[in-house]
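Residue numbers (the working numbering): 5 to 415.
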Ligand SMILES: Cc1cc2nc3c(=O)[nH]c(=O)nc-3n(C[C@H](O)[C@H](O)[C@H](O)COP(=O)(O)OP(=O)(O)OC[C@H]3O[C@@H](n4cnc5c(N)ncnc54)[C@H](O)[C@@H]3O)c2cc1C
């Protein structure tokens, strides 16, 4: 890669920002152009359902890197513009403002969008979802004491919004179609814990609920369930997952399968096009298959590895996945993937608001959840990364420091 090269970063989010910055860290001298369909410089999304929603954080605290850093790093930012097509034969990208830009390499860091509710009434006013700063600002407008808020989906985002809204004095109902909240990512014991906490805080959590339609004239006034009952609402938030933004890659003829398919270095089926973050599907020897993860650590690390590989310093990316979620005063931190676990070991008690849990598969620790156990989480990550084989009784025994277990297994 020489100084005449142009790298176009498509999508100005967590992964795009990291990719561009890493290129400069590694001494890339060419042009770096970051094109983002949102107007803002790349910003942190986690606070959108946490501090930004409570009002504790303001918009100026959200940028990942401020304008001065972009300038210093000579990262050109084209905001409010989307890349509409990639011509791989001519090596150009077409932009929504009519420009055509020649590229040497592309980083596709297009993230994802909120999954829409496929039901009648989903288009009514005050039916909202949360992915962007603009979405969060619109939701914040609705968080007025005394209003009735219905949240569809008992995943992280729905539960985080519920925690903020109930503290602001709204009447909050969470509707979850599965028999438990957080069903995709945690054990039943953890789901039960979070259901209990939310109910203690005043949230009406309803499980196994099927929705027929959203009702109202121009604005939503309620949610009708298939049993005919209606839950009145001043606003409805839909939090039912993410659709990866892969259309551009598909149209360009790249390999796409639940995300843009990349190898362990972040390279797509076209050697000049790289991808990272929520939109990328990568192999993981550690996790035993292909994964597409939606988390900040994954977006940042994968982007850095991809930029290094592009700069001729390839190293396979296979870091331990981890994630966090803040609800009320509780900090949930999770690492590994628990799919296929055959035993859950709880350390402490789920009757308290602080404990941890280890997911075991054939005697090995494959994942762990920590609820307000900040000091232990580092050790938990080590045990999971090492797929440590530890006696369940010792894992469960709070008198045995995790440090000791880590030392024993040499993790
Ligand atoms: C409310 C909320 C709370 C979250 N909380 C946590 C948390 O607590 N912990 C955690 O680890 N993760 C959390 N996440 C997830 C985390 O924010 C994402 O995993 C991370 O932002 C992914 O980064 P990304 O760069 O892949 O995608 P994004 O940050 O989504 O960036 C992609 C950008 O590309 C743009 N784009 C797409 N297509 C085009 C195109 N054709 N042209 C131009 N631009 C395009 C998109 O609009 C977007 O701006 C949260 C997410 C949300 C929404």
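We treat Cβ as the ideally placed atom computed from N, Cα and C, and that holds for glycine. Given the structure is predicted, the values throughout are model-derived calculations rather than measurements.
Hey, out of 82, 104 and 223, whose CA is closest to residue 131's CA?
223
For a test of the three-state rule: what should DSSP assign to residue 18, helix, strand or coil?
helix
Enumerate in chain order the residues of its own chain whose CB-to-CB distance from residue 205 is below 8 Å, with the five nearest sequence positions on each side excluded.
167, 170, 171 and 332
Identify every run of the alpha helix (DSSP H) within the stretch 235-294, keeping only runs that are complete inside it and at least 4 residues long; order them along the chain.
251-255
Taking residue 243 and residue 157 to be in contact with their CB atoms under 8 Å, please state how far apart those CB atoms are, rounded to whole angstroms.
4 Å
Using a threshold of 6 Å, is the CB atom of residue 161 nearer than that to any non-hydrogen atom of ligand 1?
yes
In terms of residues, what are the limits of the beta strand (DSSP E) holding residue 109?
109-112
Can you tell me the Cα-Cα spacing of residue 201 and residue 265, whole angstroms?
39 Å
Buried or exposed: residue 379, going by 16 or more other Cβ atoms within 10 Å of its Cβ?
exposed
Close beta carbons around residue 392, own chain, < 6 Å, minus the five adjacent residues each side:
369, 413 and 415
Assigned exposure category for residue 366 - 16 Cβ within 10 Å defines buried
exposed
Between the Cα of residue 51 and those of 299, 376 and 397, spot the shortest distance and give me the residue it belongs to.
299
Express the C-alpha separation of residue 237 and residue 245 in angstroms, rounding to a whole number.
21 Å
Mark residue 261 as exposed unless 16 or more other C-beta atoms lie within 10 angstroms of its C-beta, in which case mark it buried.
exposed
DSSP state of residue 164, grouped into three classes?
helix
Do residue 377 and residue 360 have their C-beta atoms within less than 7 Å of each other?
yes
Should residue 200 be listed as close to ligand 1, given that the test is whether its C-beta is under 6 Å from any heavy atom?
no
Answer with buried or exposed for residue 6, where buried requires no fewer than 16 other C-beta atoms within 10 angstroms of its C-beta.
exposed
Can residue 91 be considered in contact with ligand 1, in the sense that its beta carbon sits closer than 6 Å to one or more heavy atoms?
no
Check this for me: beta carbons of residue 318 and residue 302, under 7 Å apart or not?
no
Would a C-beta distance cut-off of 7 Å place residue 13 and residue 111 closer than the cut-off?
yes
Where the alpha helix (DSSP H) containing residue 306 begins and where it ends
300-314
Which runs of the alpha helix (DSSP H) at least 4 residues long sit entirely within the stretch 179-228? Give them in chain order.
192-205
In its own chain, which residues sit with a C-beta less than 6 Å from the C-beta of residue 129, not counting the 5 before and 5 after it?
222 and 223
Close-in-space but distant-in-sequence residues of the same chain around residue 348 (CB under 8 Å, 5 per side omitted):
191, 193, 361, 362, 363 and 364
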